[in-house]
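J.: I am attaching a structure below and will ask some questions about it afterwards.
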Amino acid sequence: RDRGFIDARLLFAQGPGEAPSSIYNGLKFRNLGPAFASGRIADIAIHPEDDNYWYVAVGSGGVWKTKNAGVTWEPIFDNQGSYSIGCVSIDPVNHNTVWIGTGENIGGRHVAYGDGVYKSTDNGKTWKNMGLKDSEHISKIIIHPSDNDIVYVAAEGPLWSKGGDRGLYKTTDGGNTWERILEVNDWTGVTDIAMDSGNPDCLYAATWQRHRNVAAYMGGGPGSGIYRSDDGGESWNKIMKGIPGSNLGKIGLAISPFDSDRIYAAIELDRRTGGVFMSTDRGETWTKQSDAVSGATGPHYYQELYASPHYEGTLYLVDNNIQISNDHGKTFYGMKEVMKHGDSHSINFRMDDPDYLLIGTDGGVYESFDLAENWRFMGNLPVTQYYKLAVDDSEPFYFIYGGTQDNGSHGGPSRTDKEEGIRNADWFSILGADGHQTATEPGNPGIVYAEIQQGNQYRIDRITGEQVFIQPQAGEGDPHERFNWDTPILVSPHNPARIYTASYRVWKSENRGDSWTAISPDLTRNQERLALPIMGRVQSWDNAWDISAMSTYNTVTSLAESPLKEGLIYAGTDDGIIQVTENGGKSWRKMEVGSIKGLPATAFVNDIRADLFDANTVYAALDNHKFGDFTPYIFKSTDAGKSWTSIRGNLPDRTLVWRIVQDHI
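In structure tokens form, the structure reads like this:
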């Protein structure tokens, strides 16, 4: 159950005469670390009667419970149908009842999807799926303060396709049946809801129109807006007087704890601009207070707004660096976040302590008792999001390397001869930012390759700690090099000093990245991505594109070289192409994945692996989830990529295939 690295051989297939799979039932996963990084937190709920009792919802790590303010943790959601969580709420009537909304509540490049709403009536010991399975991303759940059979669910809906269970849903029978009480269109869901504490029939809802695919992201549209209901959601009025009507994006809402007529809204406007708006008449009219908006990765990643229960007019806008206002949103300043991870997503307060803050970030959970002057980090919550792993051939114990979401690239030992086992001090960081692919040099474990976003690659000397930037650059007259967000790095099995990487073309270095030669032409479709359909049609440039939130498109995503035949190289792309060269790049053979039986034309090639024992055999893992298709795609070729056959077997539906590893024996 523990999140972290594992030391277990992954068997690709069993051949004749091999042991039955039951022989491996005794293998147990063991957590190797590290504990200097945690992971993306979506939401936190503090027990109403015990400030040390928390439920923590993790973007891609399930739900964890602590009864001692983070000294120890218990994972309580591991056996359910989703590991991706958007929100958690504790029943205000019966505190033994907990509600979970699955699917991350952000619009980022790499987010995971859920399978609806879950309910536990025994403090998280057991769970029942209560429906809305096609919501995919749930942002907030509110339970009626006196009738816990009444529950409201804000469903953002699918990020990569239209329709599904999106909008605001209400149950009056504890989740047995649901009614959609606010619906806008096929691309618009509800991202935030707020309830008047003095009048639970008074509700506010923020809608959000957005769509992402592999090529592009559109983060707003005419469906975005603010609504109010005065009858428990039976009817709704759009309340937008004083708010611009053009290309609204993500909206965060907050009601003043001191005056329920005063409503705040953090609104994304055109081209990542925005503003904090205030209403003093329950949303009938709005006044723009400032231009504040969540920045960095983009408003789609943050934008939740919190009103302090202790200081009237004090607002917190989550961001890469949390923004604070003490004058109802007219001016903002940055929170002191020394020794705290950025990219915050949730804030909790304690009613008995005005100096207390509990914050969930991309780097885990942080706690402050002096209003952000100092922070306590919960390093024992093992939910770091690893992209890809690599191992070296160190002796007597090999090292494992991995790149992570927003927590850099790490290395650590698979075993140790220390009596106390692997320690946190045995782990080390080799590179910062988002870490993606890592690679090691056979015979020389002192050399490691790592990268940050968009193919910014480094060669790292483990002995000296030196980091050398080695990303190949476009030559004079060449177009801009398009590198994928998660660019491949490959060390040749035929020469440890030879490495490969790829942009829209494949590059080779014979000297560990000191110099590079392009060995292919453009292997992608090389499209103008803003001319491709999104939200169901080709869109005008005047619409709500968020260029900075997009990953580079038409890029090579995966590379492999046969260990048995030098120069037999495979390349897969993000736009549905597999390319093969059998002569080290002198010529390339192209196959569009749409021509392979059982594969959609838009499938993204996640991974290609050349067989270790047969020069003509190769495997490919693909996925199509950014077009709303969660089918597992895994294929095999025995003729060097000329023809392919599905080997999905009994892999379950709604399961993405990310990487494939073949046993080396």
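Numbering follows my numbering, with no gaps: position 554 of the sequence shown is 559. Here a beta-carbon is modelled for each residue, glycine too, at the ideal position from N, C-alpha and C.
(1) By how many angstroms is the C-alpha of Tyr-403 removed from the C-alpha of Lys-423?
(2) Would you mind stating whether Ile-601 and Phe-640 have Cβ atoms separated by less than 9 angstroms?
(3) Does the separation of the CB atoms of Pro-637 and Leu-656 fall below 9 angstroms?
(4) Which of helix, strand or coil does DSSP assign to Ile-352?
(5) For a quick check, are the C-beta atoms of Ala-377 and Ser-330 less than 9 angstroms apart?
(6) Is the Cβ of Lys-570 closer than 9 angstroms to any Cβ of chain C?
(7) Quick one: residues in its chain with C-beta nearer than 6 angstroms to the C-beta of Gly-257, no 5 flanking neighbours on either side, listed in chain order?
(8) Under three-state DSSP, which class holds Phe-632?
(9) If you check the beta carbons only, do Val-219 and Ser-556 fall under 9 angstroms apart?
(10) With the cut-off set at 9 angstroms, would you say Val-370 and Ser-65 are in Cβ contact?
(11) To the nearest angstrom, report how far apart Ile-95 and Trp-104 are at their CA atoms.
(12) Taking its Cβ as the centre, do 16 or more other Cβ atoms sit within 10 Å of Met-340, making it buried, or is it exposed?
(13) Ordered along the chain, which non-local residues of its own chain (more than five positions away) have a Cβ less than 7 angstroms from that of His-669?
(14) So, helix, strand or coil for Ile-539, using DSSP?
(15) So, with DSSP's three-state summary, where would you put Asn-548?
(16) Apart from the five residues on each side of it in sequence, which residues of its chain come closer than 6 angstroms, Cβ to Cβ, to Gly-224?
(17) Is it buried or exposed, Gln-19, if we count other Cβ atoms within 10 angstroms and call 16 or more buried?
(18) Taking just the CA atoms, how far does Thr-126 sit from Thr-77?
(19) Where does Ser-600 sit, in a helix, a strand or coil, going by DSSP?
(20) Span of the beta strand (DSSP E) holding Ile-260?
(21) So within the region 118-155, which uninterrupted beta strand (DSSP E) runs reach at least 3 residues, ignoring any that extend past its ends?
(22) Return the chain-ordered list of same chain residues with a C-beta closer than 8 angstroms to the C-beta of Leu-627, the five sequence neighbours on each side being excluded.
(23) Quick one: give me the first and last residue of the beta strand (DSSP E) that Ala-565 is part of.
(24) Give the DSSP-derived three-state secondary structure of Leu-449 in the structure shown.
(25) Name the residue from Ala-312, Tyr-269, Arg-276, His-315 whose alpha carbon lies nearest to the alpha carbon of Lys-293.
(26) Round the Cβ separation of Leu-564 and Ala-620 to the nearest angstrom and send it over; I've been treating them as touching at under 8 angstroms.
(27) By the three-class DSSP mapping on this structure, what secondary structure does Pro-359 have?
(28) With 16 as the cutoff for other CB atoms within 10 Å, does Ser-202 come out buried or exposed?
(29) Can you tell me which of the three DSSP states Asp-55 falls into?
(30) Taking just the CA atoms, how far does Ser-553 sit from Asp-275?
(31) Report buried or exposed for His-499, applying the criterion of at least 16 other Cβ atoms within 10 angstroms of its Cβ.
(32) Compute the beta-carbon to beta-carbon distance between Ala-507 and Pro-493, rounded to the nearest angstrom, for a pair I have assumed lies under 8 angstroms.
(33) Quick one: what's got a C-beta closer than 7 angstroms to Asn-101's C-beta in the same chain, skipping five residues either side?
(34) Please classify Ser-27: is it buried, with 16 or more other beta-carbons within 10 angstroms of its beta-carbon, or exposed?
(35) Within the chosen definition, does the region 178-190 reach the region 150-162 through at least 3 CB pairs nearer than 8 angstroms?
(36) What is the residue span of the beta strand (DSSP E) that Leu-310 lies within?
T.: Well, looking at it:
(1) By 1-based counting over the sequence shown, the position of residue 423 is 418. By 1-based counting over the sequence shown, the position of residue 403 is 398. Lys-423 and Tyr-403: Cα-Cα distance of roughly 15 angstroms.
(2) Taking the first residue of the sequence shown as position 1, residue 601 is located at position 596. Taking the first residue of the sequence shown as position 1, residue 640 is located at position 635. Against a cut-off of 9 angstroms, the Cβ pair of Phe-640 and Ile-601 comes out as a contact.
(3) For the purposes of this step, residue 637 is taken as the residue at position 632 of the sequence shown. For the purposes of this step, residue 656 is taken as the residue at position 651 of the sequence shown. The beta carbons of Pro-637 and Leu-656 sit closer together than 9 angstroms.
(4) Position 347 of the sequence shown holds residue 352. The three-state secondary structure of Ile-352, taken from DSSP, is strand.
(5) Position 372 of the sequence shown, counted from the first residue, corresponds to residue 377. Position 325 of the sequence shown, counted from the first residue, corresponds to residue 330. Against a cut-off of 9 angstroms, the Cβ pair of Ser-330 and Ala-377 comes out as no contact.
(6) Any reference to chain C falls outside this structure, which holds one protein chain only.
(7) The residue given as residue 257 occupies position 252 in the sequence shown. For Gly-257, same chain residues with a beta-carbon under 6 angstroms away, outside a window of 5 residues either side, are Asp-197, Ala-271, Gln-308, Glu-309, Leu-310 in chain order.
(8) In the sequence shown, the residue the question calls residue 632 occupies position 627. If DSSP states are grouped into helix, strand and coil, Phe-632 belongs with the helices.
(9) Here residue 219 refers to the residue found at position 214 of the sequence shown. Here residue 556 refers to the residue found at position 551 of the sequence shown. Yes; because the gap between Cβ atoms is below 9 angstroms, this pair is in contact.
(10) In the sequence shown, the residue the question calls residue 370 occupies position 365. In the sequence shown, the residue the question calls residue 65 occupies position 60. A distance of 9 angstroms or more separates the beta carbons of Val-370 and Ser-65.
(11) Locating residue 95 in the sequence shown gives position 90, counting from the first residue. Locating residue 104 in the sequence shown gives position 99, counting from the first residue. Approximately 6 angstroms, taken between the alpha carbons.
(12) The residue labelled residue 340 in the question sits at position 335 within the sequence shown. The residue in question, Met-340, is buried, as its Cβ has 16 or more Cβ neighbours within 10 Å.
(13) The residue labelled residue 669 in the question sits at position 664 within the sequence shown. For His-669, where only same-chain residues beyond five positions count, the Cβ hits under 7 angstroms are Leu-617.
(14) Indexing the sequence shown from 1 puts residue 539 at position 534. In this structure, Ile-539 counts as strand in the three-state DSSP scheme.
(15) Translated into the one-based positions of the sequence shown, residue 548 becomes position 543. Coil.
(16) As a first step, residue 224 is located in the sequence shown; it is residue number 219 there, counting from the start. Arg-215, Gly-254, His-305, Ala-549, Asp-551.
(17) Counting from 1 along the sequence shown, the entry for residue 19 is found at position 14. Per-residue confidence for Gln-19 stands at a pLDDT of 45, beneath the threshold of 50, marking its modelled position as unreliable; no derived number is given.
(18) Position 72 of the sequence shown, counted from the first residue, corresponds to residue 77. Position 121 of the sequence shown, counted from the first residue, corresponds to residue 126. Cα-Cα distance, rounded: 22 angstroms.
(19) As a working mapping, residue 600 is identified with position 595 in the sequence shown. Residue state, collapsed to three classes: helix.
(20) Against the sequence shown, residue 260 aligns to sequence position 255. Where Ile-260 is concerned, the enclosing beta strand (DSSP E) stretches over 256-260.
(21) 122-125, 133-136, 143-148
(22) Translated into positions along the sequence shown, residue 627 becomes position 622. Correct list, in chain order: Gly-577, Val-598, Leu-604, Ala-608, Phe-609, Val-610, Asn-611, Tyr-638, Ile-639, Phe-640, Val-662.
(23) Position 560 of the sequence shown, counted from the start, is the residue given in the question as residue 565. Per DSSP, Ala-565 belongs to the beta strand (DSSP E) from 561-566.
(24) Numbered from its first residue, the sequence shown carries residue 449 at position 444. In the sequence as displayed, the identity of residue 449 is Asn instead of Leu. Reduced to three states, the DSSP call for Asn-449 is strand.
(25) Here residue 293 is taken as the residue at index 288 of the sequence shown, counted from 1. Comparing Cα-Cα distances from Lys-293 to each of Ala-312, Tyr-269, Arg-276, His-315, the minimum goes to Tyr-269.
(26) By one-based count along the sequence shown, residue 564 stands at place 559. By one-based count along the sequence shown, residue 620 stands at place 615. Rounded, the Cβ-Cβ distance is 17 angstroms, inconsistent with contact.
(27) Walking along the sequence shown from the start, residue 359 turns up at place 354. It is a strand residue.
(28) Residue numbering aside, residue 202 sits at position 197 when the sequence shown is read from its first letter. Classification for Ser-202: exposed.
(29) Translated into the one-based positions of the sequence shown, residue 55 becomes position 50. Residue state, collapsed to three classes: strand.
(30) Residue numbering aside, residue 275 sits at position 270 when the sequence shown is read from its first letter. Residue numbering aside, residue 553 sits at position 548 when the sequence shown is read from its first letter. Their backbone Cα atoms lie some 13 angstroms apart in a straight line.
(31) As a first step, residue 499 is located in the sequence shown; it is residue number 494 there, counting from the start. With fewer than 16 Cβ atoms within 10 Å of its Cβ, His-499 is classed as exposed.
(32) In the sequence shown, the residue the question calls residue 507 occupies position 502. In the sequence shown, the residue the question calls residue 493 occupies position 488. The pair is a contact, with the Cβ atoms about 6 angstroms apart (cut-off 8 angstroms).
(33) As a working mapping, residue 101 is identified with position 96 in the sequence shown. Counting only Cβ-Cβ distances below 7 angstroms, and skipping sequence neighbours, we find Thr-126, Asp-127, Asn-128.
(34) For the purposes of this step, residue 27 is taken as residue 22 along the sequence shown, with counting starting at 1. By the neighbour-count rule (16 or more Cβ atoms within 10 Å), Ser-27 is not buried but exposed.
(35) yes
(36) Within the sequence shown, the letter at position 305 stands for residue 310. Run containing Leu-310: 310-312, per the beta strand (DSSP E) assignment.
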